[in-house]
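Everything on this sheet refers to the single structure shown next.
2 protein chains.
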Amino acid sequence: MPSAAFRSGVPDHGRVPKYYAVKARILAEIAELGVGAPLPPERDLAARYTVARSTVRQAISELTIEGRLSARQGRGTFVAKPKVIQPLSLHSYTEALRDMGYEPSRTVTAFDVVPAGDEVSAALAIGPGAPVVHLERVLLADGEPLGLESTYLAAERYPTLMDVLDPAGSLYRCMQEELGVVWAEATERIETALASPREALLLQTNPALPMLLMQRVSRDPAGVPIECVRALYRGDRIGFETRLRA
Amino acid sequence: MPSAAFRSGVPDHGRVPKYYAVKARILAEIAELGVGAPLPPERDLAARYTVARSTVRQAISELTIEGRLSARQGRGTFVAKPKVIQPLSLHSYTEALRDMGYEPSRTVTAFDVVPAGDEVSAALAIGPGAPVVHLERVLLADGEPLGLESTYLAAERYPTLMDVLDPAGSLYRCMQEELGVVWAEATERIETALASPREALLLQTNPALPMLLMQRVSRDPAGVPIECVRALYRGDRIGFETRLRA
DNA sequence: AAGTGGTCTAGACCACTCC
DNA sequence: GAGTGGTCTAGACCACTTG
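Just so you know, the sequences run in chain order P and B. Those letters in the first sequence? Residues 60 to 305, per the working numbering, in order. Those letters in the second sequence? Residues 60 to 305, per the working numbering, in order.
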C-alpha cells in the first residue's frame, strides 16, 4: 500500500514492535506448511529468532485471532483451516455448512426451564422472572466447535414445548410442525466479545480469543417475540455474510 | 447460570485464571466510576491486588476488547462510553450516528488512482492491474475514530469520477447525482480481524484490539459491480444490527 | 516422563503526555 | 522530569497430551 495524495496529518513514523516482525516471519513459515501442519514449539521459535518466548506468544496470539493458526494445549500449534463463512439468514446453520462441504452437528449442553433475567424478559416481552425454556447447544463443523447458541422461549407461550421438543433436533422445524409457529422477521445484532472461561471450555478455545457475539430476537407475523438467542461464534473460525437490497 | 438437565461431558472444573478474578474486581471498580473517569494506574492496581503488572494488563486488555475501558498511552486508562450500534443498510453511516446523538464526521487519508490488486480486480470484475480509484477515509463519531473505510471503484467505468468527486463529501450522493449510478444490492461480509500498525495509528487504537472487518461489493440493477469496500471498525466501540425477513 | 501451550512473576526500557 | 501505558526479557510453575 504506497499511495498518498490526500494525507491526514498522521505521523506514521515507521516504528513497528518487534513482535510484528516475528509475526511476519511466522507467516512466511505458515505459507510453506500445509493446513494442519504443526508449527515449531514456541520455545524453539524464540531461540531461532532470539526473542523472548512471550514475544513469540504475542505474534502467535495475533495470528490465532486472524484465523491462521490454532493452538492446542499439550499438543502444539497448527496451521488452521480457512474460516467458514455463514450467511445471515433466518435458519440456515445446517444447510449453509453442508453447502460449504462441512458436516454440521450439535451438542446439547443445557435444556431446562429457568426464570427469565432482565434482558431475556424484555426481549420476549414477558414479566421478569417468568419461566423460559432455555436450550443451549454447541454448533460444530466436522466435529470442531464453531459456536455456542443459547435460545430462550417463553414457557407459558408454548406450554407443550418441553414435551414435544427433541433438544438435539431442529428447533425451527419442531416449532413450525408441532406448534404451528410461523417465523416472520428477526432483528440481529453483531459485535465482538470475549468468552467466559466456561464458554471458552465448551468451544475448546481460549478466553482471550475474540468472538463474534450475535444476539437475535425473532418474531411471528403479529410481531410477538418467538425466541431470543445469544450466540457466541469463534472469531478465528467463522464469519458472516448478508445480502442487502436497496 | 446454574441450570443443567442435559450436559455434554464437559469437565468445567472450577479453575479460573488469576487475571479473571482481577478482571472481576476491576469491573466492580468501573461500576462505581462514571463514564470517562480514570482507572488507577496499572502499577497501583498490581500492588493493590498483589499480582504482577502483566496480570493486571491482561485483565485490562480483555475489558478493553469488551468496550468497557479505553487506554491512552501517556495519559491513563478510562471508563469507556457504551458501544455504538450501526444498522447494516446500504448507506447509513451519517444518519444512523446522528439518530443515536453522535456527531459524525470523516477524514480523508487517501484519494488517488492505483492499479487493482487481485482481490479488488476480482470483486470489481475488471482486469488485474486495471486502474481503480481508491478513497480511504476515517469515520469519526464526536471526533473519535470508529472505523477506517477503503473504497475502490473501476476508474475506466467512471472516467470523470476523479474530477467531480469531493473526497470529503458523500460518495453515494456524488455517484447518484453526478454520474447517475443506481445502487441496487450489496453483499456484505463481517468477521473479526486485527489492524496493521498503520491502521491502528489512523484509528488511534492498538493493534492487539480486535476489529470488525467488513467487506462489501455493491452492484447496480444490471449486476455490474459499482464499488468494493474494505472497512475496519473498532470492535470495542461499534456493533452492527440487521433486520431479516422471512 | 517428556514435551507442549497457558499463566504468572519481577524487572527493564521505550514512547507519549502533562506539568 | 515525572508519570502513564506499550513492549520485552528471563525465568518459573501449571495443565494437558502423548509416548
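In this text, a Cβ means the ideal position worked out from N, Cα and C, and glycines have one as well.
{"Asked": "Who are the neighbours of P:Leu238 on chain B, taking C-beta pairs under 9 Å?", "Found": "Within chain B, no residue comes near P:Leu238; the closest Cβ sits about 16 Å away, beyond 9 Å."}
{"Asked": "Output, in chain order, the set of chain P residues within a Cβ distance shorter than 8 Å of B:Glu121.", "Found": "Leu253, Pro266 and Ala267"}
{"Asked": "On the three-state DSSP scale, how would you describe B:Ser62?", "Found": "Residue placement at B:Ser62 is flagged as unreliable, the pLDDT there being 29, under the threshold of 50; the coordinate-derived value follows with that caveat. If DSSP states are grouped into helix, strand and coil, B:Ser62 belongs with coil."}
{"Asked": "Would you mind giving the Cβ-Cβ distance between B:Thr168 and B:Leu261, rounded to the nearest angstrom? I have them listed as a contact below 8 Å.", "Found": "6 Å"}
{"Asked": "What in chain P is Cβ-close to B:Pro284, meaning under 9 Å?", "Found": "Neighbours of B:Pro284 on chain P: none; closest Cβ ~14 Å, over 9 Å."}
{"Asked": "Please name the residue in P:Ala83, P:Arg216 and P:Leu92 whose C-alpha comes closest to that of P:Glu286.", "Found": "P:Arg216"}
{"Asked": "The alpha helix (DSSP H) with B:Asp177 in it runs from where to where?", "Found": "Asp177 to Leu183"}
{"Asked": "Measuring only the C-alpha atoms, how far is P:Ser129 from P:Met270?", "Found": "14 Å"}
{"Asked": "Flag P:Pro141 as yes when its Cβ comes closer than 7 Å to any non-hydrogen atom of the ligand MN, and as no otherwise.", "Found": "In the structure on display, the ligand MN does not appear, and there are no ligands present to speak of."}
{"Asked": "Per DSSP, which residues does P:Cys287 bridge with? Please list them.", "Found": "P:Tyr211 and P:Val276"}
{"Asked": "Could you tell me which uninterrupted alpha helix (DSSP H) segments, each at least 4 residues in length, are contained entirely in the region 114-182 of chain P, listed from first to last along the chain?", "Found": "152-158"}
{"Asked": "Taking buried to mean at least 16 other C-beta atoms within 10 Å of its own C-beta, is P:Arg293 buried or exposed?", "Found": "buried"}
{"Asked": "From the beta carbon of P:Arg248, is the nearest beta carbon of chain B less than 8 Å away?", "Found": "yes"}
{"Asked": "Which whole-angstrom value describes the C-beta separation of P:Met221 and P:Arg248, a residue pair presumed to lie in contact below a C-beta threshold of 8 Å?", "Found": "Their Cβ separation, rounded to whole angstroms, is 28 Å, which puts P:Met221 and P:Arg248 out of contact at 8 Å."}
{"Asked": "Counting Cβ pairs, one atom from each stretch, are 3 or more of them under 8 Å apart for the region 163-182 of chain B and the region 198-207 of chain B?", "Found": "yes"}
{"Asked": "If you count every other CB in all the chains shown that lies within 10 Å of the CB of B:Arg157, and 16 or more means buried, which is it?", "Found": "exposed"}
{"Asked": "Starting from P:Val223, trace the alpha helix (DSSP H) both ways and give me its first and last residue.", "Found": "Leu220 to Val223"}
{"Asked": "Give the interface partners of P:Val75 over in chain B, defined as CB-CB distance under 8 Å, in chain order.", "Found": "Pro256"}
{"Asked": "Take B:Ser113 as the anchor and find which of B:Ile85, B:Ile124, B:Glu101 and B:Arg107 has the nearest alpha-carbon.", "Found": "B:Glu101"}
{"Asked": "Which one of B:Ala155, B:Lys82 and B:Ser277 has the shortest CA to CA distance from B:Met234?", "Found": "B:Ser277"}
{"Asked": "If contacts are defined as beta-carbon pairs under 8 Å, then B:Val143 and B:Arg289 qualify, I think. What distance do you get, rounded to the angstrom?", "Found": "That pair is no contact at about 20 Å."}
{"Asked": "Report the rounded CA-to-CA distance for B:Pro99 versus B:Gln132, giving the unit in angstroms.", "Found": "14 Å"}
{"Asked": "Confirm, please, whether the CB-CB distance from P:Ala305 to P:Asp279 is below 8 Å.", "Found": "no"}
{"Asked": "Can you tell me where the beta strand (DSSP E) with B:Ala252 in it begins and where it stops?", "Found": "Glu244 to Ala252"}
{"Asked": "Please tell me whether B:Ile144 has its Cβ less than 8 Å away from any Cβ of chain P.", "Found": "yes"}
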